[in-house]
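Written below as structure tokens is the structure these notes are about.
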Amino acid sequence: MSERVITYAEAIREAIGQAMESDPSVFMLGEDIGVYGGAFGVSGDLYHRFGEERVRDTPISEMGIVGAAVGAALVGMKPIVEIQFSDFTAHAMDQIVNQAAKIHFMLGGELSVPMVLRAPSGSGTGAAAQHSQSLETWFAHVPGLKVVLPSSPMEAKGLLLSAIDDPNPVIVLEHKLLYKTSGHVPEEMYKTPIGVARVLREGKDLTIVATGVMVSRSLEAAAQLSQMGIEATVIDPRTLSPLDMGPINDSISQTGRVMLVQEAPKHVGFIAEIAARISEGPAIYSLTEPVKRLCGMDVPIPYAPQLEKAVVPQLPDIVSGAQDLMRGV
Amino acid sequence: MSERVITYAEAIREAIGQAMESDPSVFMLGEDIGVYGGAFGVSGDLYHRFGEERVRDTPISEMGIVGAAVGAALVGMKPIVEIQFSDFTAHAMDQIVNQAAKIHFMLGGELSVPMVLRAPSGSGTGAAAQHSQSLETWFAHVPGLKVVLPSSPMEAKGLLLSAIDDPNPVIVLEHKLLYKTSGHVPEEMYKTPIGVARVLREGKDLTIVATGVMVSRSLEAAAQLSQMGIEATVIDPRTLSPLDMGPINDSISQTGRVMLVQEAPKHVGFIAEIAARISEGPAIYSLTEPVKRLCGMDVPIPYAPQLEKAVVPQLPDIVSGAQDLMRGV
Amino acid sequence: MATITPLLPPAAGKVSDDKASAMAALESLLAIRFFEEAVDGMFARGLMHGTMHLSIGQEAVATGVCAALRQTDFITSTHRGHSHCIAKGADLTRMMAELLAKQTGYCRGRGGSMHIADAKTGNLGANGIVAGGIPIAAGAALAQKLKKTDNVVVSFFGDGATNEGAFHEALNLASVWDLPVIFVCENNKYGMSFSTAKSMKVERISERAAAYAMPGVTVDGNDVDAVYEATKQAVDRARAGQGPTLIECVTYRHKGHSKSDKNLYRTKEEIDFWKTKDPVGKFETLLIEKGILTKEQAEQITENVRNEIRNAITEAQAAPDSDPAELLSSVFRAVN
Amino acid sequence: MATITPLLPPAAGKVSDDKASAMAALESLLAIRFFEEAVDGMFARGLMHGTMHLSIGQEAVATGVCAALRQTDFITSTHRGHSHCIAKGADLTRMMAELLAKQTGYCRGRGGSMHIADAKTGNLGANGIVAGGIPIAAGAALAQKLKKTDNVVVSFFGDGATNEGAFHEALNLASVWDLPVIFVCENNKYGMSFSTAKSMKVERISERAAAYAMPGVTVDGNDVDAVYEATKQAVDRARAGQGPTLIECVTYRHKGHSKSDKNLYRTKEEIDFWKTKDPVGKFETLLIEKGILTKEQAEQITENVRNEIRNAITEAQAAPDSDPAELLSSVFRAVN
Ligand SMILES: Cc1ncc(C[n+]2csc(CCOP(=O)(O)OP(=O)(O)O)c2C)c(N)n1
Ligand SMILES: Cc1ncc(C[n+]2csc(CCOP(=O)(O)OP(=O)(O)O)c2C)c(N)n1
Ligand SMILES: [Mg+2]
Ligand SMILES: [Mg+2]
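Protein chains in written order, with the UniProt record's numbering: chain A, 1 to 329; chain B, 1 to 329; chain C, 1 to 336; chain D, 1 to 336.
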């Protein structure tokens, strides 16, 4: 029997549709998610299947709609907010950080905010600096938020179903370049646990830890490296908060070399946390080379295609980064 | 001749007053900075000295006032925005991050945003989770922003004068607990360079890198440690973006041990960047112990005094952290 | 546990016409007043921590509004939230315990004055962020609509809050979705030190309702009856699916904005003038004048409420301090 | 370098009454139309990258507004900003070069369609954030007040933008500070796919001005004269220190929201109806009818503008691609 293959966008839509079918408290709200089907086509036909009450188009007011989701969640609904581009979460940081993330703790534990916030993240579409950021670092740093970055259709569905089920606010940063990529996704509802990293490939020479769109890029790089006789382990943390260091530490104890790959600017980016944890031990004792970070440049994302490509790690950068690490340069 | 001693709040006020005297394009705007004198008394009598046009009370609308500062800066003014508590920058992230930080680059270099955003940061006043955060990580991660954390009256004045003079947006996060602390501050206008770390104390046994209010706390700890025969170097990066690793690397090459201290939650916090840079070399080769981070717990800041103290590093924590590091535990 | 008689609407007409409703309202006014006077005193004596914002002078707003609500209705509140919390029916002991940073407080000592919430009475929480509760109220109202309940949500906020973007976005959402929410602005003429005369150009905040094609009314916020009547109308509209209303209640705070206020921005004359319009005394006098209560009965109620507050303090002080050991495990609700 | 005759106000009365003013306005309308048709075509042929938002059908707004401005006045613009940029006097070659990601483009290829700014003509920038430019406009106007110039600032934005908090906060600041700023809403009836009928309950967006005690007017946004007259009045008020105005220009975009729009949310009839109200043809016809221009002169202008656009494309295409080597050094302006 051949495995069913669907796109990342379809996987997300399927997860939402199944959750809405099985739980009447689940609903969606966001800009242009109705008849338009979502800026990236994610909500698609959900509007036609579930109607305008549960697939709720909103005026352009990110703070308001995230706040509305917080309020609905507080009284027992399970809202899924779509923010059209993750960059626009900048408008909703108060509701995300000062409200959603803190309410359960700050108000003493009786109330909670079972809300999911999904947003397309990342560069690569020529949309320039205000539509291309990778802002996971902000959210991962905030106690009270869980943060997941699905890197494949399979993860997209499973992580989203976990997020919807979670009684806490979960930020799901999807990657624009992944929406049209395909992969096997089971039809039934299944959950990918939040807080568990995934080892995608095992190799003895070096450990690559990558997030978001860098995961598939790193896997491709690993395949090329393998042709050159370099065998890389590739690990996707999947969840940035909480972070599962187990497989990363284990792998480094085998390989002694680690390269951390993220699209976001390097300075004070999420991946520094992994470097920091390694530096605190135990993995530091296994290192035969310093840690290597391969990250976005510390610049806003430019428009021109050649500039945009230049500022985030591309396949050849990952390959040559790994080669450099193997050569100790 | 005895040195003049003033408070941190007075030092900031003096810097603003001198800048406003010497440059008519400098003005202040913020909530309750006029006759009230500022929520933490920083603007004090500036309103009476410079009038309501240049010390401009605003309606409660953080996004609007930061946006107004961006607009004024774009056409040649030098606004200094006060955000009453740094937590409320959550409302202004779009203007700070999507506008101020990116304009110079994204618009091709002709325009720039010479704006200063000052905000009181940190915990310790019983104001609970929405009034006590340390959000420097967010800003430090954004290309196009400079971020400074003055840790003494002397730095407060000097860094602020550099910030006002800088043709780029600079975020100045002041610490609430420092406002009433005193120290020597020269009367004349002087600039503390942005992007240069400061070594406050030299010791051969371990290197302590601390930010914000943790700097003075670490100095106190170092004094206690010295009594116990442990000599610590204490370094204040002062500027988180751009970050000066030189003195940190130099010191580690002498001591072989490093403890990184921040108030903000540990997970994906700024100080991880320093650990990451160490892990990338060259400092990693000098380490005789893994890096140690001493940070805020990954929880929102609680109200109760004993809880609030428990969640951020206190003097005894720094002392015992250093002892642990010396003992290799 | 220390509580007062829950507010209840009059059988018909005004609160001050109906004995049971009027007595409960008087209890509410007094409880808010005495609760806050007590904490003000404890604060001054260094027995309390942090900061706090008192509603002394504004008690009629929360009282008049909550008299029109059911326990299953919801509210969102503000940094100046004791009055809303009490009027919605909170346990005074747990409130006091929270201010005293006790384990038995509403927030287990994690929130303090600015974050008290009470799931049981539908109080979705005070809020340290000006206007922060307004979109949340819209969302809670959206949930009522989706769940097809006939509960309503009241969002309390100040005059200053109406200059925030959150106010605008939330009112627009409530308007276009016909949500069962009532926006109650306590216009006490200042947002901290900044007067409404300077922070906005409209004469009346209720004029802002027109931007959302929503009814807007202004009432005397020191008059329980007036507040109740406006709320009742708005609640009826909301329950009938006719959407939101903005109610402006004009009032005044007698005390400074917070503990650190030197009151440089308003005159003694202005404060004294407003003290003559004190909502608590005014309502008590009205009831006596109308013959709803005798002076003696009023004194008895006063004494009872004082005792409740004293009990609340005693009980709260006896409670254990909040516990640092449980902090790390309290950030997230456990996943089943 | 390819430019058109700069817009200029009529000596008196309407734009369409004054030959020089009218001819410049026609050039502006045509330049916007042809520029966008050209880029639309290049996009379709895969010669352009990213996304883009066209103002085809809305040209009269930017044209009528900018006819009332001086070069030293400022504008802030939007994601749909080509028209504003052209009407304010930008060099068409540098605009085209930017869209083609060239080093000679206004942003050196770093910004693209959504971020073109032109310091020389006072264009403080298009903006990818809906309503993002509105507070910036207020700030630029505050600077004019502080510097005691008599320049004004125009902020362009869409109907959808008026639901954002940024709109509310900025209009309030402009109001309380009496800033020389004119808020120009291009109401094209949709924010992406969401109609104004659904995104707000007011009939006219200009009604929202009342929340800031600010004059608000609605004009036919497809009529250069109407837009000009309303703007002129507002500019006069602003220059005289009498504060801001909100102008709603009712118009329509013929094309989809952006390149990826399937137009599922509006009918063909609606689009066709609005095409009959095309502002460019309408203005040309008016001028011919009024005898300001002959048909031949109009054709000549059309041909000239077409040539300018062709030149712009040719020049832009010949320019070098933008240079990755300078990126890292371009994030900050160097400190002296
Ligand atoms: C977003 C935000 N901005 C500023 C503050 C600081 N602050 C707390 S209360 C207050 C005044 C609020 O005024 P108003 O809404 O009129 O309420 P009042 O205090 O008069 O009850 C201010 C400025 C805050 N808590 N949150
Ligand atoms: C803050 C923000 N939210 C959402 C978007 C996505 N978006 C871009 S344009 C647009 C529609 C804007 O509508 P309107 O203001 O009416 O302008 P128009 O496109 O009709 O010219 C949307 C939703 C954005 N760019 N910024
Ligand atoms: Mg007020
Ligand atoms: Mg529109």
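Idealized CB from N, CA, C, for every residue including glycine. The structure displayed is predicted, hence computed values, not measured ones.
Return yes when the C-beta of A/Q84 is under 7 Å from any heavy atom of ligand 2, and no when it is not.
On the first sequence, residue 84 of chain A is found 84 positions in, with the first residue counted as 1. Yes, the beta carbon of A/Q84 sits closer than 7 Å to at least one heavy atom of ligand 2.
Are the CB atoms of B/A283 and B/L206 within a distance shorter than 8 Å?
As a working note, residue 206 of chain B is residue 206 in the second sequence. As a working note, residue 283 of chain B is residue 283 in the second sequence. No, the Cβ-Cβ distance between B/L206 and B/A283 is not below 8 Å.
Would DSSP call C/F74 helix, strand or coil?
Position 74 of the third sequence, counted from the first residue, corresponds to residue 74 of chain C. DSSP places C/F74 in strand when its eight states are reduced to three.
Report the neighbours of B/E280 on chain A: residues whose CB is nearer than 8 Å to its CB, in chain order.
Residue numbering aside, residue 280 of chain B sits at position 280 when the second sequence is read from its first letter. The answer, in chain order, is A275, P290, V291, K292 and R293.
Answer yes or no: the CB of D/T78 versus the heavy atoms of ligand 2, is any distance below 7 Å?
Position 78 of the fourth sequence, counting from 1, holds the residue named residue 78 of chain D. Indeed, a heavy atom of ligand 2 lies less than 7 Å from the Cβ.
In chain order, what residues of the stretch 197 to 217 of chain D put their CB closer than 7 Å to some CB of chain C?
K198, S199, M200, K201, V202, E207, R208, A210, A211, Y212 and A213
Distance cut-off 7 Å: C/G158 Cβ against heavy atoms of ligand 3
Working through the third sequence from its first residue, we reach residue 158 of chain C at position 158. C/G158: yes, Cβ under 7 Å from ligand 3.
Residues of the stretch 129 to 146 of chain A with Cβ closer than 8 Å to any Cβ of chain C, in chain order:
P143, G144 and K146
Taking Cβ positions only, does C/V250 come closer than 8 Å to chain D?
Sequence index remark: in the third sequence, residue 250 of chain C carries index 250 (1-based). For C/V250, the answer is no, since every Cβ of chain D falls outside 8 Å of its Cβ.
Using a Cβ-based criterion (distance less than 7 Å to any ligand heavy atom), does B/Y36 qualify as near ligand 6?
Ligands in the displayed structure: ligand 1, ligand 2, ligand 3 and ligand 4; ligand 6 is not one of them.
Chain A beta carbons: is any one of them nearer than 8 Å to that of B/S241?
As a first step, residue 241 of chain B must be located in the second sequence, where it is residue number 241. Chain A, which has a Cβ nearer than 8 Å to the Cβ of B/S241, makes this yes.
Using a Cβ-Cβ cut-off of 8 Å, state whether C/N127 counts as contacting chain D.
Here the question's residue 127 of chain C lines up with position 127 in the third sequence. False, the Cβ-Cβ gap to chain D never drops below 8 Å.
Checking contacts by CB at 8 Å: is C/G191 closer than that to chain D?
Within the third sequence, numbered from 1, the residue matching residue 191 of chain C stands at position 191. C/G191 does not count as touching chain D.
Which residues does DSSP list as the beta-bridge partners of D/P180?
Residue mapping note: residue 180 of chain D aligns to position 180 of the fourth sequence, counting from 1. Its beta-bridge partners do not exist; DSSP assigns none.
Cβ atoms of C/R333 and A/H104: under 8 Å apart, would you say?
Start at 1 with the first residue of the first sequence, and residue 104 of chain A comes out as number 104. Start at 1 with the first residue of the third sequence, and residue 333 of chain C comes out as number 333. The answer is yes: Cβ separation under 8 Å.
Show which residues of chain B have a CB atom less than 7 Å away from the CB atom of A/N98.
Taking the first residue of the first sequence as position 1, residue 98 of chain A is located at position 98. Within 7 Å Cβ-Cβ: D87, A90 and Q130.
Between A/I60 and A/G30, is the Cβ-Cβ spacing less than 8 Å?
Within the first sequence, the letter at position 60 stands for residue 60 of chain A. Within the first sequence, the letter at position 30 stands for residue 30 of chain A. Contact flag unset, no.
Is the Cβ-Cβ distance between D/Q103 and D/P320 less than 8 Å?
As a first step, residue 103 of chain D is located in the fourth sequence; it is residue number 103 there, counting from the start. As a first step, residue 320 of chain D is located in the fourth sequence; it is residue number 320 there, counting from the start. Their beta carbons are under 8 Å apart, which means D/Q103 touches D/P320 by this criterion.
Alpha carbons only, please: which of C/L287, C/N336, C/G291 and C/A11 is nearest the one belonging to residue 337 of chain C?
The structure shown does not extend to residue 337 of chain C, since chain C spans only 1 to 336, so no value can be given for it.
To be precise: take each residue of the stretch 156 to 184 of chain C, compare its Cβ to all Cβ atoms of chain D, and keep it if any distance is under 8 Å. Which residues remain?
N163, E164, G165, A166, F167, H168, E169, N172, S175 and V176
Answer with buried or exposed for A/M63, where buried requires no fewer than 16 other C-beta atoms within 10 angstroms of its C-beta.
Residue numbering aside, residue 63 of chain A sits at position 63 when the first sequence is read from its first letter. Counting Cβ neighbours within 10 Å, A/M63 comes out buried, since at least 16 surround it.
Which of helix, strand or coil does DSSP assign to D/T267?
Reading the fourth sequence from its first residue, position 267 is the one you call residue 267 of chain D. In the structure shown, D/T267 sits in coil (DSSP, three-state: anything other than H, G, I, E or B).
C/G139: buried (16+ other C-beta within 10 angstroms of its C-beta) or exposed?
The residue given as residue 139 of chain C occupies position 139 in the third sequence. With 16 or more Cβ atoms within 10 Å of its Cβ, C/G139 is classed as buried.
If you measure between the beta carbons of D/H168 and C/H168, is that distance less than 8 Å?
Position 168 of the fourth sequence, counted from the start, is the residue given in the question as residue 168 of chain D. Position 168 of the third sequence, counted from the start, is the residue given in the question as residue 168 of chain C. It is a contact, given that the beta carbons lie within the stated cut-off.
Pair within 8 Å by beta-carbon distance, C/A87 and C/S28
In the third sequence, counting from the first residue as 1, residue 87 of chain C sits at position 87. In the third sequence, counting from the first residue as 1, residue 28 of chain C sits at position 28. It is a contact, given that the beta carbons lie within the stated cut-off.
Would you kindly report the start and end of the unbroken beta strand (DSSP E) that includes B/P265?
As a position in the second sequence, residue 265 of chain B is number 265, starting the count at 1. Counting along the chain, the beta strand (DSSP E) containing B/P265 begins and ends at V258 to P265.
What does the Cβ neighbour count give for D/N263, buried or exposed, with the cut at 16 atoms within 10 Å?
For the purposes of this step, residue 263 of chain D is taken as the residue at position 263 of the fourth sequence. D/N263 is exposed by the Cβ-count criterion.
Below-8 Å beta-carbon distance, A/E21 vs any chain C residue:
In the first sequence, residue 21 of chain A corresponds to position 21, counting from 1. No, A/E21 lies away from the interface with chain C (no Cβ there is under 8 Å from its Cβ).
Just to make sure I have the definition right: I need the residues of chain A whose C-beta is within less than 7 Å of the C-beta of B/D94. Which are they?
Counting from one through the second sequence, the residue named residue 94 of chain B turns up at place 94. Within 7 Å Cβ-Cβ: A90 and H91.
Does the Cβ of C/V130 lie closer than 7 Å to at least one heavy atom of ligand 1?
Position 130 of the third sequence, counting from 1, holds the residue named residue 130 of chain C. Under cutoff, so the answer is yes.
Check whether the Cβ of D/N188 sits closer than 7 Å to any heavy atom of ligand 2, and report yes or no.
In the fourth sequence, counting from the first residue as 1, residue 188 of chain D sits at position 188. The answer is yes for D/N188.
Determine the contact status of C/P180 and C/R94, defining contact as a CB-CB distance below 8 Å.
As a position in the third sequence, residue 180 of chain C is number 180, starting the count at 1. As a position in the third sequence, residue 94 of chain C is number 94, starting the count at 1. No, they are not a contact pair.
Contact check, B/G212 vs B/G122 under 8 Å by CB: the rounded distance?
Within the second sequence, numbered from 1, the residue matching residue 212 of chain B stands at position 212. Within the second sequence, numbered from 1, the residue matching residue 122 of chain B stands at position 122. With 8 Å as the limit, B/G212 and B/G122 qualify as a contact, their Cβ atoms being about 6 Å apart.
Can the beta-carbon of A/P247 be found less than 8 Å from the beta-carbon of A/V199?
Working through the first sequence from its first residue, we reach residue 247 of chain A at position 247. Working through the first sequence from its first residue, we reach residue 199 of chain A at position 199. Taking 8 Å as the Cβ cut-off, A/P247 and A/V199 qualify as a contacting pair.
Within a Cβ cutoff of 7 Å, which residues of the same chain sit near A/A15, ignoring the five residues on either side of it in sequence?
As a working note, residue 15 of chain A is residue 15 in the first sequence. Only K157, L160 and L161 meet the Cβ criterion.
What residues match up with B/M28 in a beta bridge as DSSP calls it?
Numbered from 1 along the second sequence, position 28 holds the residue referred to as residue 28 of chain B. The partner list for B/M28 (beta bridge, DSSP) reads B/V55 and B/I80.
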